[in-house]
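Visitor: Structure below; questions to follow.
Protein chains: 2
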Amino acid sequence: MRSTTRLCRAQQLSLSVRDMSCRTTNTRSALLGPSSSAVQAGNFYRRTNTSVQQRRGITISQLDNGREGRERVIILGSGWAGFTVARKLDSDKYQAVVVSPRDHFTFTPLLASTAVGTLEFRTAMEPVKSRRTKVNFFQGWADTVDFKNKIITIEEAADDPAQGLARTTGRHGNAFGAKRNGESIEAVKKGKLFDLVYDKLVISVGCYSQTFGTPGVKEHAFFLKDVGDARKIRNRLLACFELAALPTTSDEAKTHLLNFAVVGGGPTGIEFAAELHDIIHEDLARIYPELMSFHRITVYDVAAKVLPMFDSKIADYALVTLRREGISIKTQHHVESLYPGTPGTRSKGVTEDHAVFTLTTKEEGEISVGMVVWSTGLMMNPLIANALRQVPELPADGVRVSGPEFDQKSPSSVRWEVKKHPKTASVVTDDRLRVKLISEEEDQDRSEAVLKHVFALGDCSVIEGTSYPATAQVASQKALWLAKRLNKGDIERAPFTWRNLGVMAYIGNWNALFQGGTGHNVSGRAAWVLWRGAYLTRSVSLRNKILIPTYWFLNWLFGRDIGRF
Amino acid sequence: MRSTTRLCRAQQLSLSVRDMSCRTTNTRSALLGPSSSAVQAGNFYRRTNTSVQQRRGITISQLDNGREGRERVIILGSGWAGFTVARKLDSDKYQAVVVSPRDHFTFTPLLASTAVGTLEFRTAMEPVKSRRTKVNFFQGWADTVDFKNKIITIEEAADDPAQGLARTTGRHGNAFGAKRNGESIEAVKKGKLFDLVYDKLVISVGCYSQTFGTPGVKEHAFFLKDVGDARKIRNRLLACFELAALPTTSDEAKTHLLNFAVVGGGPTGIEFAAELHDIIHEDLARIYPELMSFHRITVYDVAAKVLPMFDSKIADYALVTLRREGISIKTQHHVESLYPGTPGTRSKGVTEDHAVFTLTTKEEGEISVGMVVWSTGLMMNPLIANALRQVPELPADGVRVSGPEFDQKSPSSVRWEVKKHPKTASVVTDDRLRVKLISEEEDQDRSEAVLKHVFALGDCSVIEGTSYPATAQVASQKALWLAKRLNKGDIERAPFTWRNLGVMAYIGNWNALFQGGTGHNVSGRAAWVLWRGAYLTRSVSLRNKILIPTYWFLNWLFGRDIGRF
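Chains A and B supply the protein sequences, listed in that same order.
Residues 693 to 1257 in my numbering are what the first sequence spells out, letter by letter.
Residues 693 to 1257 in my numbering are what the second sequence spells out, letter by letter.
In structure tokens form, the structure reads like this:
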């Protein structure tokens, strides 16, 4: 009976196939308009082609059947924030639906280890769907959000070849090699679109990697945001050594190939440099002893100091340790470009030796490198930057409005937009992680509103008035808090507050740093034990809790695996 | 002192840089000619650019220094034959040097398991170089072999993006999308070349995948020869399910996406079909229950029966079991083409739906499939087919000649070629695995010669008068025999004979087949225990002997990991 009702309603709507080639941001509201009646009437799906409704509706109708009266929480993103909310939501109360372009969660603190083979790639990965989870999942991109009708439009991306790699441009940008902007998307091949209706929406789409427009970085640098990146780095690192070992490689070329640059002196950059040091000294030194005099690791940062989140004392200890291990730390250095070939070959139009890259810094000019790992800067997710801007109409319920104007006029007469942080452009939320809107007027006293059923957390968001760092710790604490509040239905009880559990970083040769939230510091071998213990404890699945120590042990015993595939 | 001597000799040779752009097969002998004096004078390396000798010679001179009076055995290939010889040679007597385009050995019997995630990829891999091995390794292709001067020319391939994938064309073929032939290689970007001098040469380069010229197979089929292939299959399989799960996918498209075809009814094809059945029924059925009615697995073979190496009784048992599990076996079917898109879209110039492929068989016409795994046919390695043909001059020693003509004339007046099997074109060896030559005359009684220091084993070779199958078992038995004989120096003692240890195949749902060499048969669960035990015992490194049962256990307990990267 249910499906008959649904079909009839869909026919009433008589929506046409939504062909993106004739669709721009400006026509969004017009297209989304007609569906509001359906939503208000309790119709929880919207399809684009009514003539094939019965044939095509299986998954969404099964999703609808599976709701069993529960509220549907759509979670955008499968990172620290989104994956945690999805796992922790009470499946008796909520139907959790994750929408993400990647089918897995990445345990980012272990990525640097997987990039050099201390751990196997999959130990830093948890599939969103597995035998044990009750989470629903659609692999795709959130294209637009219609707050009024509580509908998100999803572009499917189940076979995206860039899955598992860091993103540096909008999802259709790479086809052009240019950034996507709102109006130029039509020409790009897009996935099919479909809509989902939500009761609650969790926006946790994270950030992209920021290259600051530095020429060549997007194309030629290696990133370290996902498992695919780690795999690329591991293959490249070992290829550099294999290339250097060839008898056709001159000593000069060896120094180029084995010159590894890390850009960014945050924990990720420092940990990768440290892990790189370890594989070179623990494994590659035994396999390529003749190459040991040629290698070099350099960390570049524009700031005056690295590891800025640590106290000077502990950061200085790190610096001394890293330098003793032979890792150069070059602060106040500005990367200007990165291109393939040796210095000078580009201007001459000759790029004979594609095996190396030329890195140009303002301070040192051109140097040849075998690999540049870029781990600095966050770029706002295009969904936040482009789609989540104007809010043409407010939802009928679930909005709390405050501001001076409402003495005179009603909220619907005000033009709203999503409130963004002036510097980072992230979504501003209240202290319950609910998305804030602000009136578009340029008054000093602008009206504000809160969308009670739309939450934002993770790197794409900030709680008004706070400056919590963009870290996994903050994202997962917010996610745990939100899931708990939703499960208990007591979100008004108390606001979210971040409990600083401290920061950790591995600095190589079995040494680490730990700075507790209360100012307690540990460094050296003891901190290394803490570091390993913490990440083992926090890894998600029992499978990985078993595999991680197994690999730590086997690789300590037998050495890291240097096979490439 | 040694290095001075070498430099002087090299200058005497005054070899020019060997630029392949002006080099064809025909000019080979002219270029290799001048070096003979160096070799005879005991100079064990040859470099191409004498002016940079001191800068560039490090690796080869270190290799020379490392010889310490031992004979150098160059092993071409890192498969079952080559890797086994390299590991088993006595490093006190021989300097083993492996030359291979891939840096690892692949434990092929476990590939089908890794392709569906029963095991992790790396458990089917052993790096040629590791902390524990004393094997020297150069990553590259054997380009040519100069039997007279005992020199092989190597094209370096340390950064080959196709490493870890099945080969279907010559190594420069893919750049053109056309097969390489002897005269068209100049235009292709080649790696740098360098020469190595050998005392003994082991040719174990294996075979390529044969597609019989079937249109579209090279481009669109999935192979299962190496770890990279397994990774591609695993990603594609899971993408097919994720694509089918999208609400935009019609039921018709689901039947297309989840239609999996395996071409080739040998053990590899059958085992892959069985493993595919397992992941679908043990894991994907729980994750995508709504898709179970849409999937299909079909094995195609041109022959009248599958698993031809098994007795009828046991092959029939396999057929019954496979069919009961829902796997279709279509014998006497001929694949004609494979192209992207649904049937009919190509002729109309429309290829809207790239997510599926159209497989055409002579018997059934066009059908839509989500993936075709091609596991049939061996193509002779281009090194054997092209480079190892004419032998312009015989080495001064290490040749035993027999034949009618030598009553009248000397061996050097005869034109020689490598003896090939008339049907498979593989290298013919004597029963000591030594490569045979034959005179080029078209007489009935042609003269023959044996190169005493050149061995051929594995799929690229055949012992004269035998018809041992092209299997890992034969290759590794030959390799063990050869290493033992070389270590003991008693190759004349007794000829190689193959001991048939039987054949095994996994047929899904914890069942296997085992047919002993003596005719003893086991099938079902007991054979499955044998199957797992045998491959666990034969896996090479202790690391993998620990990891393989760990993954068997964890994946049985938690299910296979369905994350893609």
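Ideal Cβ positions, reconstructed from N, Cα and C, are used throughout, including at glycine.
1) Could you tell me how far apart the beta carbons of His1145(A) and Lys785(A) are, in whole angstroms, since I believe they sit closer than 8 Å?
2) Around the C-beta of Glu1134(B), are 16 or more other C-beta atoms found within 10 angstroms, so that it is buried, or is it exposed?
3) Taking Cβ-Cβ distances below 7 Å as the criterion, which residues of the region 828-859 of chain A are in contact with chain B?
4) Below 6 Å, is the gap between the Cβ of Asp975(A) and the nearest heavy atom of the ligand NAP?
5) Tell me the DSSP secondary structure of Gln902(A) in three-state form.
6) Using 7 Å as the limit for Cβ to Cβ distance, is Met1072(B) near chain A?
7) Please list, in chain order, the chain A residues whose beta carbon lies closer than 7 Å to that of Asp1253(B).
8) Kindly provide the ranges of any alpha helix (DSSP H) runs that are 4 or more residues long and lie completely inside the region 919-988 of chain B, ordered along the chain.
9) Do you know how far the Cα of Gln1169(B) is from the Cα of Leu1075(B)?
10) What does DSSP give as the partner residues of Met1063(A) in its beta bridges?
11) Rounded to a whole number of angstroms, what is the C-alpha to C-alpha distance between Leu1246(A) and Thr810(A)?
12) Inspect the CB distances between the region 956-968 of chain B and the region 844-852 of chain B and report whether three or more fall short of 8 Å.
13) Residue range of the alpha helix (DSSP H) that Lys1237(B) falls in?
14) Where does Lys1176(B) sit, in a helix, a strand or coil, going by DSSP?
15) When DSSP labels each residue in this structure, what does Thr1158(B) get in the three-state scheme?
16) Check the Cβ of Arg923(B) against every Cβ in chain A and list those closer than 9 Å, keeping chain order.
17) Under the assumption that Glu934(A) contacts Gln831(B) (Cβ atoms under 8 Å), give the Cβ distance between them as a whole number of angstroms.
18) Spatial neighbours of Leu938(B) within its chain, please: CB distance less than 6 Å, with the 5 preceding and 5 following residues excluded, ordered by chain position.
19) Report the rounded CA-to-CA distance for Trp1220(B) versus Arg1230(B), giving the unit in angstroms.
20) Residues of the region 964-991 of chain A in Cβ contact with chain B at a cutoff of 7 Å, in chain order, please.
21) What's the gap between the Cα of Leu1149(A) and the Cα of Leu1125(A)?
22) So is Leu1246(A) in contact with chain B if we call contact Cβ pairs under 7 Å?
23) Where does Gly908(B) fall in DSSP's three states?
24) According to the Cβ coordinates, are Glu967(B) and Ala804(B) closer than 7 Å?
25) Output, in chain order, the set of chain A residues within a Cβ distance shorter than 8 Å of His796(B).
26) Given a cut-off of 7 Å, decide if Ser1060(B) and His948(B) are closer than it, judged by their beta-carbon atoms.
27) Looking at Gly1069(B) and Asn951(B), is the spacing between their C-beta atoms short of 7 Å?
28) Would you mind telling me which residues of chain A sit closer than 8 Å to Lys884(B), beta carbon to beta carbon, in chain order?
29) Under the rule that 16 or more other beta-carbon atoms within 10 Å means buried, what is Leu1239(A), buried or exposed?
30) Any beta-carbon of chain A closer than 7 Å to the one on Thr1242(B)?
31) Please name the residue in Val1119(A), Ile895(A), Cys1152(A), Phe915(A) whose C-alpha comes closest to that of Thr903(A).
32) Out of curiosity, what's the CA-to-CA distance linking Thr776(A) and Phe1257(B)?
33) Going along chain B in order, which residues have a C-beta closer than 8 Å to the C-beta of Leu1239(A)?
34) Taking beta-carbon pairs under 9 Å, can you tell me which members of the region 1195-1229 of chain A lie near chain B?
35) So which of Pro1084(B), Val765(B), Phe813(B) has the shortest CA-CA distance to His796(B)?
36) Starting from Ser805(A), trace the alpha helix (DSSP H) in both directions and tell me its first and last residue.
Guide: So, to answer that:
1) Going by Cβ atoms, the distance from His1145(A) to Lys785(A) rounds to 14 Å, so no, they are not a contact pair.
2) Here Glu1134(B) is exposed. Its C-beta has fewer than 16 other C-beta atoms within 10 Å.
3) The region 828-859 of chain A vs chain B, Cβ under 7 Å: Phe830, Gln831, Glu848, Ala850, Asp851, Gln855, Gly856.
4) The model depicted lacks the ligand NAP and carries no ligand whatsoever.
5) In the three-state reduction of the DSSP assignment, Gln902(A) falls in the coil class.
6) No - not a single Cβ of chain A is within 7 Å of the one on Met1072(B).
7) The answer, in chain order, is Arg814, Pro819.
8) The region 919-988 of chain B contains these whole alpha helix (DSSP H) runs: 919-937, 943-949, 959-971.
9) In a straight line, the C-alpha of Leu1075(B) is about 23 Å away from that of Gln1169(B).
10) Its beta-bridge partners are Phe952(A).
11) CA-CA distance, Leu1246(A) to Thr810(A), rounds to 9 Å.
12) A contact is defined here as three or more CB-CB pairs under 8 Å, and the region 956-968 of chain B fails this definition with respect to the region 844-852 of chain B.
13) Lys1237(B) -> alpha helix (DSSP H) spans 1234-1250.
14) Helix, per DSSP.
15) Reduced to three states, the DSSP call for Thr1158(B) is coil.
16) Here the neighbours are Phe1257.
17) That belief holds up - the Cβ atoms of Glu934(A) and Gln831(B) are roughly 5 Å apart, short of 8 Å.
18) Cβ neighbours of Leu938(B) beyond the five flanking positions: none.
19) Between the alpha carbons of Trp1220(B) and Arg1230(B) lies a gap of roughly 15 Å.
20) If the cut-off is 7 Å between Cβ atoms, the region 964-991 of chain A has Asp975, Arg978, Ile979, Glu982 near chain B.
21) Answer to the nearest angstrom: the Cα atoms are 7 Å apart.
22) Judged by the 7 Å Cβ criterion, Leu1246(A) is in contact with chain B.
23) Gly908(B) falls in the coil class under three-state DSSP.
24) Result yes, Cβ atoms of Glu967(B) and Ala804(B) sit closer than 7 Å.
25) Result: Gly1255, Arg1256, Phe1257.
26) For His948(B) and Ser1060(B), yes; Cβs fall inside 7 Å.
27) 7 Å or more divides the Cβ of Asn951(B) from the Cβ of Gly1069(B).
28) Result: Leu938, Thr940.
29) Answer is buried; the Cβ neighbour count reaches 16.
30) Closer than 7 Å: yes.
31) Checked all of Val1119(A), Ile895(A), Cys1152(A), Phe915(A); the closest Cα to Thr903(A) is Phe915(A).
32) Cα to Cα, Thr776(A) sits roughly 20 Å from Phe1257(B).
33) Residues of chain B with a Cβ closer than 8 Å to the Cβ of Leu1239(A) are, in chain order, Thr1242, Leu1246.
34) Per Cβ criterion, the list is empty.
35) The shortest C-alpha separation from His796(B) is found at Phe813(B).
36) Run containing Ser805(A): 803-808, per the alpha helix (DSSP H) assignment.
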